[in-house]
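Numbering (this note's numbering), first residue to last: 3 to 755.
Just so you know, even glycine gets a beta-carbon here, dropped at the ideal spot from N, CA and C.
To keep things clear, I will list the structure first and then write my remarks on it.
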Amino acid sequence: MDASRSRRRTGAALLLLVAGCATALAPDQTRVSTGGGANPPIPLPDVAGQVEIRRTTYGVPQILAENLRAAAFALAYVQLEDYGPGIIEGLQAARGRMALVEGRDRVDADARSRLRHARAVETFPLLHEDTREIYQGFAEGVNHFIRANNADLPEWMRPDFTAYDVLARDVAWPSEGAMNSFRARIEASPDTPPLLVENGGAWLPLSTAGTPTDAPLDGFALLVEEAQDDQNVGSNAWALAPSRTTSGNAILLRNPHLAWTAGYYEAHVRVPGKLDFYGDYRIGGPFTVIGGFNPFLGFATTNNSTRPHEFYAFRAHPELTDYLLVDDAAIPLKREVVTVEVREGDAILTETREFLTSPFGPVVHRAGGFVYVFRPAANGEYRAGEQWLRMMQATNLEEWRNAMDIQARTTSNFTYADRDGNILYVWVSAPPALPHPAGGDSLAILATRTDQVWADLVPFDSLPQVLNPPGGYVHNENDSPHFANLNAVLDHSFSFWVQDPAFRLRSQHAAELLHNERVFSLEDVVETKHSMRMLLADRVKDDLMAAVARTSPTGEVAAALDLMSAWGNDVAPGSRGALLFETWWSRYNSLMDDEEPHAVPWNEEEPATTPRGLADPVRAAEAFVWAVPETARRFGSWDVAWGEVHRVRRGEVDVPVGGCGGALGCFRVLNFTTAEDGKRVVNGGDGWVIAVEFGEQPRAYSVLGYGQSPDPESPFHANQAAMFAAGEMKPVLWSEAEIEGATVYRYHPGEEW
């Protein structure tokens with residue numbers, strides 16, 4: 003491949019970044035001129051010769067390295083080839099230097115990042131040598147890319163990134179959002195401290211008069227009041243035991259639902275004797291895998307709801323400034339002053355920010371004689387990458403669980419399958435073992451003694467989990483852990499915070515596909531994953547038709563009712579009736595004005611068959627009469643096919659697609675944005691999907707709907723879009739023979755393709 007074609011691989015991404023970035027240099031920065039803007043060849047470092055990149059048919063990097071450092075070097079390089087220097091921006095932010103690029107608006111974030119970066123510098127020597135090699139190699143790969151593309155990059159991008167900068171992105175740090183929200187509550191009601199206090203061994207709310215009350219705890223919103231999340235965001239994951247597969251091998255499915263800008267990046271990294279892992283390496287780092295497999299096992303994550311933190315209120319010492327009064331002793335607060343360089347025009351100025359911390363966590367607010375402190379789990383935890391590496395290297399369930407015992411990953415459901423035939427679901431959090439009731443995000447615990455403050459996390463083995471259950475399946479679609487298997491429903495009797503039982507329509511759709519005696523091949527799993535049913539229609543359409551029929555409809559309404567009768571309750575591209583139903587449901591919900599829309603709401607006694615029916619047939623019929631002309635107005639006719647409106651458009655691809663939102667009970671969740679021509683174009687939901695069977699060697703299928711690169715000039719930008727829209731997946735290349743047979747480009751990092 004010639005140099006001009008090579009530059010086109012990343013040209014669009016580079017130009018976008020150059021257009022939006024400052025180009026002046028900080029005083030300590032220099033830049034080598036390349037004269038005329040060309041990128042002349044640069045010498046390859048030794049590490050580049052220790053790894054080969056093979057790009058196969060769909061652009062998936064197959065990285066074969068002599069050591070972990072070289073593998074990470076290549077992984078950084080290919081990510082930058084495909085995604086451009088936004089990755090460099092992320093590392094610049096991680097080391098707290100974006101105010102030199104974007105100015106004063108980044109000072110606060112830079113100051114916080116510098117504290118986090120200092121933690122990375124402090125803890126880096128504590129990591130295993132393998133983990134350190136990967137962080138080092140990734141930084142070196144970034145620097146090599148900068149040198150190789152110097153003329154095309156903003157001048158502030160210099161090849162001086164370190165392993166500390168990469169590690170800093172993986173260091174856990176207190177949530178600014180959680181602290182800001184709690185501070186806002188206090189400031190909004192300064193005369194009503196949001197406290198729980200111990201009173202004679204009982205924990206009670208504090209009254210406005212400053213004394214404990216006898217009010218019931220549940221009246222004080224002790225648990226997090228979570229708004230219903232967007233059901234189109236999240237993931238699906240299944241694991242099938244050998245008893246449920248035609249081959250007698252376990253099968254794992256992962257199917258995330260995030261924006262098509264989320265940065266899923268499919269790659270295979272092989273280091274003989276050290277690592278052989280295929281999966282998602284989320285753009286920006288070497289360890290941000292959320293699903294994948296090795297020769298022995300695989301795992302998949304889905305989003306969950308956790309609350310691994312508490313807020314505490316300590317009494318300020320009555321005589322000493324910046325001291326707490328705990329155990330009748332003065333406990334000092336630590337004041338840290340951080341200096342940040344900031345660009346203002348052509349000048350480089352400095353600003354300082356102060357951070358106040360206690361031995362129990364960062365100080366959120368001080369008022370009324372109280373010091374409010376945020377105590378999150380895993381504060382400063384630096385071993386996330388190390389945990390991921392051990393999970394990726396595990397050869398059996400025991401080794402994988404030992405890796406999970408590190409508990410550096412504090413969120414997500416994990417679904418697991420292995421070559422030994424084990425399947426597992428586990429709700430992962432880092433829940434504190436509380437010595438008091440949960441304060442949630444609404445109340446602080448008034449702590450006067452150290453033993454009133456949580457000190458330990460609940461062990462991994464105590465988390466909600468289901469191992470090898472009857473029926474041979476586990477699944478999760480972002481709901482609570484209780485219904486991962488309907489033969490082994492978990493009691494809600496945990497000693498720590500776990501979200502309340504919930505089993506929404508997308509989860510129930512999965513259960514209907516799995517909670518049976520069907521035996522699946524890997525190809526069956528792929529086909530079943532693309533189920534086009536709209537489960538909501540199964541639950542309410544009969545009531546809708548009866549309600550409309552009672553109005554003795556005529557004309558188009560009567561014809562539309564006939565369409566509903568003929569419609570198969572699906573959202574396949576050729577389906578006629580789905581758009582009318584969706585328009586009707588939206589109108590009916592608005593008429594219900596936050597009232598329960600179903601005749602039978604969801605309940606734990608019937609978790610897989612509720613909600614069902616319509617609570618108000620009169621309003622349902624009224625909404626249908628409105629929806630018929632409204633659907634025609636929006637989409638040209640009320641019987642328009644789903645795929646006429648819903649499209650995958652990427653590059654030159656413009657094709658119909660089936661799928662809908664999770665709230666409608668679709669398992670294949672797709673999000674859409676409305677284009678200028680009125681069509682709905684996929685911009686999220688299903689994106690990277692993988693299904694793997696664990697035989698003597700793994701056998702898998704995958705698809706990355708938006709391709710390996712967001713660069714429209716890349717050959718790997720839109721070459722999976724039509725396949726994705728058609729519900730098809732490509733065979734994953736695993737063996738050397740398969741990889742060699744499909745290799746399109748072969749090179750060392752920095753060489754031309």
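Assuming residue i contacts residue j (C-beta within less than 8 Å), just tell me the rounded distance between them.
i, j, result
"Phe362", "Val375", "5 Å"
"Arg578", "Leu565", "7 Å"
"Glu142", "Leu70", "Wrong, their Cβ atoms sit about 12 Å apart, outside the cutoff."
"Val734", "Ser704", "5 Å"
"Phe522", "Leu242", "6 Å"
"Leu322", "Ala332", "5 Å"
"Gly98", "His119", "6 Å"
"Asp278", "Pro297", "6 Å"
"Pro575", "Val455", "No, Pro575 and Val455 are not in contact; Cβ-Cβ is about 57 Å, not under 8 Å."
"Ile55", "Pro751", "6 Å"
"Ala174", "Gly382", "7 Å"
"Val144", "Leu66", "20 Å between Cβ atoms; not a contact."
"Val460", "Ala435", "5 Å"
Do you know offhand how far residue i's Cα is from residue j's?
i, j, result
"Phe313", "Pro195", "12 Å"
"Lys681", "Gly645", "10 Å"
"Arg392", "Ala405", "6 Å"
"Val328", "Arg377", "16 Å"
"Asp688", "His477", "17 Å"
"Ala95", "Tyr166", "12 Å"
"Tyr747", "Trp755", "6 Å"
"Asn605", "Arg614", "11 Å"
"Glu346", "Asp112", "15 Å"
"Pro334", "Tyr325", "4 Å"
"Gln31", "Leu426", "With a pLDDT of 34 at Gln31, under the threshold of 50, the predicted position of this residue should be treated as unreliable, though the coordinate-derived value follows. Gln31 and Leu426: Cα-Cα distance of roughly 51 Å."
"Arg116", "Ala693", "40 Å"
"Gly38", "Pro161", "Annotation note: pLDDT 36 at Gly38 (below 50); position unreliable, coordinate value reported separately. Computed Cα separation, rounded: 20 Å."
"Tyr590", "His600", "11 Å"
"Glu740", "Tyr384", "37 Å"
"Ser639", "Ala623", "19 Å"
"Asp618", "Val428", "39 Å"
"Gln389", "Ala50", "26 Å"
"Ala720", "Gly286", "21 Å"
"Gly300", "Val199", "46 Å"
"Val527", "Asn238", "13 Å"
On a Cα-Cα basis, can you pick out the residue from the options that is closest to residue i?
i, options, result
"Val684", "Met393, Phe669, Gly707", "Gly707"
"Ser177", "Ala302, Val373, Pro364", "Pro364"
"Glu584", "Ala665, Ile292, Ala113, Leu82", "Ala665"
"Gly806", "Tyr85, Ile425, Leu197", "Absent from the structure is residue 806, since the part of the chain shown begins at 3 and ends at 755."
"His367", "Asp713, Ala180, Asp502, Glu383", "Ala180"
"Leu93", "Trp586, Ala170, Ala728, Gln52", "Ala170"
"Met534", "Gly382, Trp587, Gly570, Ala252", "Gly570"
"Ser76", "Val103, Leu46, Ala101", "One detail in the question is off: residue 76 reads as Ala in this sequence, not Ser. It is Leu46 whose Cα lies nearest to the Cα of Ala76."
"Val559", "Pro472, Pro619, Val627", "Val627"
"Tyr85", "Gly663, Glu268, Ile65, Asp481", "Glu268"
"Lys543", "Ala580, Asn424, Arg520", "Ala580"
For residue i, is the classification buried or exposed, using 16 other Cβ atoms within 10 angstroms of its Cβ as the cut-off for buried?
i, result
"Val339", "exposed"
"Lys779", "Residue 779 is absent from the model: the chain starts at 3 and stops at 755."
"His130", "exposed"
"Ser360", "buried"
"Thr352", "exposed"
"Ser509", "buried"
"Gly743", "exposed"
"Asp443", "buried"
"Lys732", "buried"
"Asn182", "exposed"
"Arg649", "buried"
"Glu228", "Here Glu228 scores only 31 on pLDDT, less than 50, and its place in the model should not be relied on; the value that follows carries that caveat. Burial call: exposed."
"Gly709", "buried"
"Ala78", "buried"
"Asn518", "exposed"
"Val273", "buried"
Does the beta-carbon of residue i, which I'm using as the reference point, lie nearer than 7 Å to any heavy atom of the ligand GTP?
i, result
"Val559", "Judged by which ligands are present, the structure shown has none, so any question about the ligand GTP falls away."
- Query: Can you list, in chain order, the stretches of the alpha helix (DSSP H) that have 4 or more residues and sit fully within the segment 643–687?
  - Reply: 644–647
- Task: Please go through the segment 88–153 and give each complete alpha helix (DSSP H) segment of 4 or more residues, from N-terminal end onward.
- Result: 88–96, 101–104, 109–125, 131–150
- Task: Write down every uninterrupted run of the alpha helix (DSSP H) in the segment 463–544 whose length is 4 residues or greater and which is fully enclosed by it, in chain order.
- Result: 507–516, 524–531
- Hey, which unbroken runs of the beta strand (DSSP E) at 3 residues or more fall wholly within the segment 238–296? 253–261, 268–273, 277–282, 293–295
- Message: Extract the residue ranges of the alpha helix (DSSP H) inside the segment 709–745, only unbroken runs of 4 or more that lie entirely within it.
- Response: 723–727, 738–744
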